[in-house]
Amino acid sequence: MPLRRKLLFYLTIPALFLGVIGYVSMASLLRLERAADDILSDNYQTIQEARAMEVALRIMEFGDPAQNAADAAAAFENSLSVCELNITEPGEQDVLHEIRALWDAYLPRYHRDPQAQGPGLPALYERLDALIDLNEKAMFAYKRRTRRVARFTMVLTGTALGITASALFLFAVVAAGRISRPILSVANDLHQALNPESGDSAHAGATVDEISRLESEVHGLLERLNRYEDEQTRKLTRLQARLAFVIEEVSEGLALLDGNLSVLGSNRVGRDILNRGADTPRLDGELRAALEAATRQGATPADSALPEVRVADGEQDFVYVPRLLPFTDDDGRVEGFLLVFWNVTEERRFEEARRRFISMLSHQLKTPMTSLSMSVNLLHEKLRGRSEDTDDLLQMARADCGALSNLITELIGASKGVIPGLALNPVKTDLPRLLDNALKPLAAQARSQDISLEQDMGAAPLFANVDLVKFPWVVTNIVGNALRYTAAGGAVSVALAASGAYVEITISDTGVGINQEDLDRLFLPYTSLDDRQDPGAMGLGLTIVKEIVEAHQGRIAVQSTLGQGTSFTITIPR
Numbered sequence: 002m003p004l005r006r007k008l009l010f011y012l013t014i015p016a017l018f019l020g021v022i023g024y025v026s027m028a029s030l031l032r033l034e035r036a037a038d039d040i041l042s043d044n045y046q047t048i049q050e051a052r053a054m055e056v057a058l059r060i061m062e063f064g065d066p067a068q069n070a071a072d073a074a075a076a077f078e079n080s081l082s083v084c085e086l087n088i089t090e091p092g093e094q095d096v097l098h099e100i101r102a103l104w105d106a107y108l109p110r111y112h113r114d115p116q117a118q119g120p121g122l123p124a125l126y127e128r129l130d131a132l133i134d135l136n137e138k139a140m141f142a143y144k145r146r147t148r149r150v151a152r153f154t155m156v157l158t159g160t161a162l163g164i165t166a167s168a169l170f171l172f173a174v175v176a177a178g179r180i181s182r183p184i185l186s187v188a189n190d191l192h193q194a195l196n197p198e199s200g201d202s203a204h205a206g207a208t209v210d211e212i213s214r215l216e217s218e219v220h221g222l223l224e225r226l227n228r229y230e231d232e233q234t235r236k237l238t239r240l241q242a243r244l245a246f247v248i249e250e251v252s253e254g255l256a257l258l259d260g261n262l263s264v265l266g267s268n269r270v271g272r273d274i275l276n277r278g279a280d281t282p283r284l285d286g287e288l289r290a291a292l293e294a295a296t297r298q299g300a301t302p303a304d305s306a307l308p309e310v311r312v313a314d315g316e317q318d319f320v321y322v323p324r325l326l327p328f329t330d331d332d333g334r335v336e337g338f339l340l341v342f343w344n345v346t347e348e349r350r351f352e353e354a355r356r357r358f359i360s361m362l363s364h365q366l367k368t369p370m371t372s373l374s375m376s377v378n379l380l381h382e383k384l385r386g387r388s389e390d391t392d393d394l395l396q397m398a399r400a401d402c403g404a405l406s407n408l409i410t411e412l413i414g415a416s417k418g419v420i421p422g423l424a425l426n427p428v429k430t431d432l433p434r435l436l437d438n439a440l441k442p443l444a445a446q447a448r449s450q451d452i453s454l455e456q457d458m459g460a461a462p463l464f465a466n467v468d469l470v471k472f473p474w475v476v477t478n479i480v481g482n483a484l485r486y487t488a489a490g491g492a493v494s495v496a497l498a499a500s501g502a503y504v505e506i507t508i509s510d511t512g513v514g515i516n517q518e519d520l521d522r523l524f525l526p527y528t529s530l531d532d533r534q535d536p537g538a539m540g541l542g543l544t545i546v547k548e549i550v551e552a553h554q555g556r557i558a559v560q561s562t563l564g565q566g567t568s569f570t571i572t573i574p575r
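The opening position of the sequence shown corresponds to residue 2 in this note's numbering, with each subsequent residue numbered one higher.
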């Protein structure tokens, strides 16, 4: 059956439904007309109570006063109260007020002399008749009005239903045509898209079932989609195979672990690291203990300090740093881990080369430094007393030679590891005096660069336990860097102040400043933040500075704004 006929068939159902609704509506209106008498029950009640009041009056007028007077008076009062609470018509309240006034005047007189009726009694009968007449007229008027409204409503409802049915039929005819055309158009478009070589519209103009046409074309589209899905699945399979090849061949080791740290799978390097002669990869020894500790504490990969793993491959050793990466389900629960073994072999070789270079350099410097120290001492002995400036310069040269000799000794110690473990010889000393003497050689350098070297050490002595050689080197190293990166006309300041149980040394400059992203790696060994490398610069200066400050149980912090300058703050106990 074509779609248009189907729509006409289906739309007759709501039309019949509307007919049923109309029939029920008219039946309800007829019942409304028959219920008019029920609606007027309030008026009827008032009439009944008025009749009861007339009966009570007649009993009081003609009956035995001793026997019925009290009951009749009570009945009259009760009926009057009911009427006063059931006022439904205009003017009814005024009539009831008049009845109340006549009754209130008549009752005391009746109690005094039941035989003396007086003029009020006929007036009461007249007002009661008026009350009855008023409600009877209202009942008949309301009944006629209700019937007129009901008949008008029935006519109006019937007309509306007829118009609605006609409109619905016209809508069904128009809608059937309009709905079938887009469906047929979609079917034709699908046919043309699926069969571009076909020039016809597939039965265009024939009387066919449009929905069947559309169903046929959709089935064709689904077949095309299934073929496309199969092709994409094959592509995904090939991509997964390539990805598996890449994972298998990368130089880093990968191992997939479950929540109990059992190995679910690994790549080639991961198997070489974990097998250790076993048939299947597994975790054991120190690495497993470290992983268990990390997972028990809920540590993140950055917090997990896992031991390095060394694997021998012929004559070459490879060094790997493990990192534990958890993966979770939709509820945030840890399902397992990815254990990544980062290959740091080249980094360790580079560090070893640097260590050997420092060791070779420091040992080569040891001998000429010894000769230079002896020469400076001889000059001091020979020229001592010539002038105050000469004595000061020779004394500073001797002190610098001693400091350099100690630094070379520390470098020799540093060759045993990346960062030296510094031994201190702390002495209680006056810091302002110690730092003033240490900064004197740099004052001449500052003047030659047209840079202002300002000192604010305070007037009073300030004592602390520091190493007399290593701690001044901390300040001179930072001030030397500040002079290096401050342009002519700038300023470098050194301020010393007490802060409770600590001493704060602040070294500020107006130099080029440091990028915020570089501040975190400022104190790392072999780090240079610019392309300029001075002769002998190894990038260890600030690393050793930090080591010396921490050896004094202190801390060092840095703040910098690019283009405005840098400020170092050193805090040590007093």
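Quick reminder that beta carbons are idealized off the backbone N, C-alpha and C, glycines included.
Exercise for review: Would you check if the segment 240-249 and the segment 220-232 touch, i.e. whether three or more CB-CB distances between them fall below 8 Å?
Suggested key: They do not touch, by the three-pair rule.
Point to revise | Beta-carbon proximity list for residue 561, same chain, < 6 Å, skipping 5 on both sides | key: Within the same chain, residue 561 has close Cβ partners 514, 515 and 567.
Point to revise | For residue 565, the three-state DSSP class (helix, strand or coil) | key: Three-state DSSP puts residue 565 in coil, outside helix and strand.
Point to revise | Pairwise C-alpha distance: residue 48 and residue 71 | key: Roughly 23 Å separates the two Cα atoms.
Check your understanding: Under the three-state reduction of DSSP, which class applies to residue 388: helix, strand or coil?
Key -> Residue 388 falls in the coil class under three-state DSSP.
Practice item. Compare the Cα-Cα distances from residue 396 to each of 457, 512 and 380 and report the closest residue. Key: Among 457, 512 and 380, the Cα nearest to that of residue 396 is on 380.
Review point. My guess is that residue 337 and residue 259 are in contact by the Cβ rule of under 8 Å, so how many angstroms apart are they, rounded?
Key: That belief holds up - the Cβ atoms of residue 337 and residue 259 are roughly 5 Å apart, short of 8 Å.
Practice item. Return the first residue and the last residue of the beta strand (DSSP E) that residue 464 is part of. Key: Residue range 464-468 is occupied by the beta strand (DSSP E) that includes residue 464.
Check your understanding: Count the other CB atoms within 10 Å of the CB of residue 96; is the residue buried (16 or more) or exposed (fewer)?
Key -> When all chains shown are included, residue 96 counts as buried.
Check your understanding: Are the segment 447-462 and the segment 485-492 touching, with three or more C-beta to C-beta distances below 8 Å?
Key -> Yes, the segment 447-462 touches the segment 485-492.
Review point. Out of curiosity, what's the CA-to-CA distance linking residue 20 and residue 169?
Key: If you take the alpha carbons of residue 20 and residue 169, they lie about 12 Å apart.
Check your understanding: Counting along the chain, where does the beta strand (DSSP E) carrying residue 331 start and finish?
Key -> No beta strand (DSSP E) holds residue 331; DSSP gives it neither H nor E.
Practice item. Determine which residues share a DSSP beta bridge with residue 509 and list them. Key: Note: residue 509 sits in a beta bridge opposite 494 and 568.
Check your understanding: What's the C-alpha gap between residue 565 and residue 522?
Key -> Between residue 565 and residue 522, the C-alpha separation is close to 20 Å.
Review point. Quick one: is residue 386 buried, meaning 16 or more other Cβ sit within 10 Å of its Cβ, or exposed?
Key: The C-beta of residue 386 has fewer than 16 other C-beta atoms within 10 Å across all chains shown, which makes the residue exposed.
Point to revise | DSSP-derived helix/strand/coil call for residue 486 | key: In the structure shown, residue 486 sits in coil (DSSP, three-state: anything other than H, G, I, E or B).
Check your understanding: Considering residue 44, what are the terminal residues of the alpha helix (DSSP H) in which it resides?
Key -> Secondary structure note for residue 44: its alpha helix (DSSP H) is the uninterrupted segment 42-63.
Check your understanding: Measuring CA to CA, which of 343, 272 and 317 is closest to residue 307?
Key -> That would be 343, whose Cα lies nearest to the Cα of residue 307.
Review point. What whole-angstrom Cβ distance do residue 104 and residue 81 have, given they're in contact under 8 Å?
Key: The pair is a contact, with the Cβ atoms about 6 Å apart (cut-off 8 Å).
Point to revise | Pairwise C-alpha distance: residue 212 and residue 191 | key: Looking at the two C-alpha atoms, the distance is approximately 13 Å.
Review point. For the 8 Å Cβ check, are there 3 or more pairs between the segment 489-501 and the segment 540-560?
Key: For the pair of segments examined, the segment 489-501 was found not to touch the segment 540-560: the number of CB pairs separated by less than 8 Å stays below three.
Check your understanding: According to the Cβ coordinates, are residue 459 and residue 497 closer than 8 Å?
Key -> A contact, by the Cβ cut-off of 8 Å.
Check your understanding: Roughly how many angstroms lie between the CA atoms of residue 535 and residue 455, to the nearest whole one?
Key -> Confidence is the limiting factor: at residue 535 the pLDDT is only 46, short of 50, which leaves the residue's position unreliable and the question unanswerable from this model.
Review point. What is the DSSP secondary structure of residue 207, counted as helix, strand or coil?
Key: A caution first: residue 207 carries a pLDDT of 49, below 50, which makes its placement in the model unreliable, though a value can still be read off. Coil.
Exercise for review: Whole angstroms is fine: what's the gap from residue 257's alpha carbon to residue 548's?
Suggested key: Near 39 Å, if we compare the C-alpha coordinates of residue 548 and residue 257.
Exercise for review: Specify, as a first and last residue, the run of the alpha helix (DSSP H) that residue 106 falls within.
Suggested key: Its alpha helix (DSSP H) spans residues 93-113.
Review point. When burial is assigned at 16 or more other CB atoms within 10 Å of the CB, is residue 612 buried or exposed?
Key: Lying before the first or after the last residue shown, residue 612 is absent from the chain, which here runs from 2 to 575.
Check your understanding: What number of angstroms, rounded off, separates the C-alpha of residue 157 from the C-alpha of residue 149?
Key -> Looking at the two C-alpha atoms, the distance is approximately 12 Å.
Exercise for review: Could you tell me which residues DSSP puts in a beta bridge with residue 259?
Suggested key: Residue 259 is bridged to 337.
Review point. Do residue 252 and residue 264 come within 8 Å of each other at the CB atom, strictly closer than that value?
Key: For residue 264 and residue 252, no; Cβs fall outside 8 Å.
Check your understanding: Cβ of residue 439 within 8 Å of Cβ of residue 462?
Key -> Taking 8 Å as the cut-off, the beta carbon of residue 439 is found no closer than this to the beta carbon of residue 462.
Review point. What did DSSP end up calling residue 560 once you bin it into helix, strand or coil?
Key: Taken through DSSP and simplified to helix, strand or coil, residue 560 comes out as strand.
Review point. Does the Cβ of residue 470 have 16 or more other Cβ atoms within 10 Å, making it buried, or fewer, making it exposed?
Key: Burial call: buried.
**Study point:** N- and C-terminal bounds of the alpha helix (DSSP H) containing residue 251
**Key:** For residue 251, there is no enclosing alpha helix (DSSP H), as DSSP gives it neither H nor E.
Review point. Which class does residue 266 belong to by DSSP, given the choice of helix, strand or coil?
Key: Residue state for residue 266 is assigned as strand, using DSSP reduced to three classes.
Exercise for review: Report the rounded CA-to-CA distance for residue 402 versus residue 408, giving the unit in angstroms.
Suggested key: Looking at the two C-alpha atoms, the distance is approximately 10 Å.
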